[in-house]
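See below for the structure under consideration.
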Amino acid sequence: MPNPSHAHLPTQYQSFIHLSRYARWLEDEQRRETWPETVDRYINFMCDEQCSGLIDSETRKELRQAILNLEVMPSMRALMTAGPALARDNVAGFNCSYVAIDHPHAFDEILYILMCGTGVGFSVERQYINKLPQVAERFRLSNSVIRVEDSKVGWADAFRELISFLYSGSIPRWDLTHIRKAGERLKTFGGRASGPEPLDDLFKFTCNIFKQAAGRKLTSLECHDICCKIGEVVVVGGVRRSALISLSNPSDDRMRHAKSGEWWKTDPQRALANNSACYTEKPGMDTFMREWLALYSSKSGERGIFNREAARYQAKRYDRRDPDHDFGTNPCSEIILRSCQFCNLSEVVVRSDDTLESLMRKVRLATILGTMQATLTNFRYLRDIWRQNTQEEALLGVSLTGIMDNALMAGRKGEETLREHLRLLRQEAVETNKEWASRLGINPSAAITCVKPSGTVSQLVDCASGIHPRYSRYYYRRVRADRKDPLAQLMIASNFPYEEDLMKPEHNVIFTFPVKAPENAILRDEISALDQLRLWKIYQDEWCEHKPSITVYVREHEWMEVGAWVYQNFDQISGIAFLPYSDHAYRQAPYEECREEDYMALLEKMPKDMDWMRLREFELEDNTTGTQELACVAGACELVDITSSPTS
């Protein structure tokens, strides 16, 4: 049987990404979706159910074709969950959220939001955590029993109940017998149950934190650790990665050193959040140099920099947004958010041959998708302030990805030409949203445009990630898979090149795909850190009503001049991560540069006319895993992982 996805997903790697990340299980057919079926599920849900009768047939057809042909992308969370799962939990359609830890309910709301697959930014700054109640002076064992229902709301409700008991000094018991065993199917949402053990661990961990805080308020680090432990509970597809960003005061020594020493041994939950210092003004040179040195020494890009004043300035620029809020951000730092607010994302895929005319069309379509998604505000479980904030500002995140594949968009045809094009594209987004918000009966968006890291989307559509350069002209892209996974078994049977995973040879295998960048694409060794920052600033000035998110790889000799640039431009800085540039090659790295002849040799070894529909021969029940919004660690998802066990 021919594979209907072939015409739209031209490489084996793209087909693999779709099947492993976005294809839902079709119970009647006993197989995973094809790419056209995934697109149709999203379009049918958004047009027929969510925006019933409000999307004309011509627009519907144009949107479907644009997604099918990888020209634009909707929220990948909505693409994954469209149907009964998204109808039941509208939160699942959103990519981004932010909450200040100023109320006990913030903890259980984070649990619920993460279980919906949405990324969470949170703040443990002292002005927020000081609003939390004082913990009881003494603790006593209670006869009360928390009975946990087996649902997202059931887990969150139980956690809320536990924290309420702990603030009053009672340590209850809990009954987890109604929770499905590990590995059982989650029919509506997709994926597999984690079993009761992770929730049991979270409850015990939280009890211990509260007992050590007896008679006082929780510290920033204690609040941070509870949030990280919550993140650890939410394991989607066996992958433990940051779905969180934690904001803290620059002067907070506890948070400055949260990842000092061998923290991964003593506090492994801290791996679940990226940490940033939140500035409310430009620091003095001594403070800045101390933080910059700590960031350099960490080799991990932490603590990062979030500038609240820069966020306020950006919110004020276009006169459509109230700047008088203590804004925070999402895990990748491209969206400016109030506390208790969501944002949905959509994306323009920039190709090497795109012109202003073709990009204007793509921006229009991506904005229509975002505006449709902004109608998803039926948030069960959460406090009503989440709905109020999200409806009031109706934020969109219309992003550009593949920027470095296009010479004009990468600034190689003149800065002024690029600036003019970006202004026109931004205006197209604003006008399109205004028109379609009116049609759909919602508020026009208070902020629309951004650049997101686009780690997984770029893999699906085969383009450079966000505003990042390509890794190399020719390179290997590796993925890790569980030997028992049906997709891995199909690939082995189809003679895909593979090798044993060095870390877990008895359980996992590594597949390697050959990748070639477009002819005019900018490569990572062709652009300096300062040139990346200058391009970031152009997009900040002309395209973004939110922020461009970027990871800048800094060569050893560049750290001083990059630090000077950051300090000079501090009033606009936000959404930038800095990591050391490395040419060091190690075995089975996610990316590895190769020569053209090596690329051609591997391409020759790849199976010809691969029939992915044969997966049904190896998969007799649903083995799909739901995707989750992950924090931007390095501008792209480093290692695509479809193993069933967590891998650090």
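Numbering follows the numbering used here, in which position 146 of the sequence shown is assigned residue number 156; successive positions increment by one, without gaps.
Where a beta carbon is used, it is the ideal one built from N, C-alpha and C, also for glycine.
- Fully enclosed beta strand (DSSP E) runs of no fewer than 3 residues occupy 254 to 258, 283 to 289 of the region 239 to 308, in order along the chain.
- In the DSSP assignment, residue 442 falls within the unbroken alpha helix (DSSP H) covering 425 to 450.
- Counting other Cβ atoms within 10 Å of its Cβ, residue 332 stays below 16 and is therefore classed as exposed.
- By the neighbour-count criterion, in which a residue is buried when 16 or more other Cβ atoms sit within 10 angstroms of its Cβ, residue 218 is exposed.
- If only uninterrupted beta strand (DSSP E) runs of at least 3 residues are considered, those enclosed by the region 483 to 533 are 484 to 492, 508 to 510, 518 to 526.
- Under a 10 Å Cβ-count criterion, residue 515 is classified as exposed, with fewer than 16 other Cβ atoms of the shown protein chains found around its own Cβ.
- Note: residue 350 is not bridge-paired with any residue in the DSSP secondary-structure output.
- For residue 408, the secondary structure class from DSSP, reduced to helix, strand or coil, is strand.
- Following the DSSP letters along the chain, one finds residue 213 inside the alpha helix (DSSP H) bounded by residues 207 to 222.
- For the pair residue 233 and residue 345, the CB atoms are not nearer than the 7 Å cut-off.
- With distances taken between CA atoms, residue 525 lies nearest to 480 out of 480, 551, 430, 555.
- Counting of Cβ neighbours within 10 angstroms places residue 597 among the exposed residues, the total staying below 16.
- Residue 185: member of the beta strand (DSSP E) spanning 180 to 185, first to last residue.
- Secondary structure of residue 587 (DSSP, three-state): strand.
- The distance from the Cβ of residue 318 to that of residue 288 is about 6 Å, consistent with a contact at the 8 Å cut-off.
- The residue among 387, 457, 615, 60 with its C-alpha nearest the C-alpha of residue 101 is 387.
- When Cβ pairs closer than 8 Å are counted between the two stretches, the region 449 to 460 is seen not to touch the region 501 to 510, the count staying below three.
- Excluding residues up to 5 positions away in sequence, 356, 406, 408, 438, 439, 442, 443, 446, 458 lie with their Cβ nearer than 8 Å to the Cβ of residue 377 in the same chain.
- Boundaries around residue 30 are those of the alpha helix (DSSP H), 22 to 31, since no beta strand (DSSP E) includes it.
- Membership of residue 164 in the alpha helix (DSSP H) is indicated by the continuous run 162 to 177.
- Between residue 399 and residue 348, the C-beta gap is smaller than 7 Å, which places the two residues in contact.
- Check the Cα spacing between residue 527 and each of 87, 574, 609: the tightest is with 609.
- The criterion of a C-beta distance shorter than 7 Å is satisfied by residue 602 and residue 486.
- Per DSSP, the beta bridge partners of residue 355 are 407.
- Note on residue 107: 16 or more other CB atoms within 10 angstroms of its CB, so buried under the neighbour-count rule.
- Three or more beta-carbon pairs separated by less than 8 Å are not found between the region 357 to 365 and the region 272 to 291, which leaves the two stretches without contact.
- In the three-state DSSP reduction, residue 610 falls in the helix class (H, G or I).
- Within the same chain, and ignoring the five residues on either side of residue 454 in sequence, the residues whose Cβ sits closer than 8 Å to its Cβ are 330, 404, 443, 444, 447, 448.
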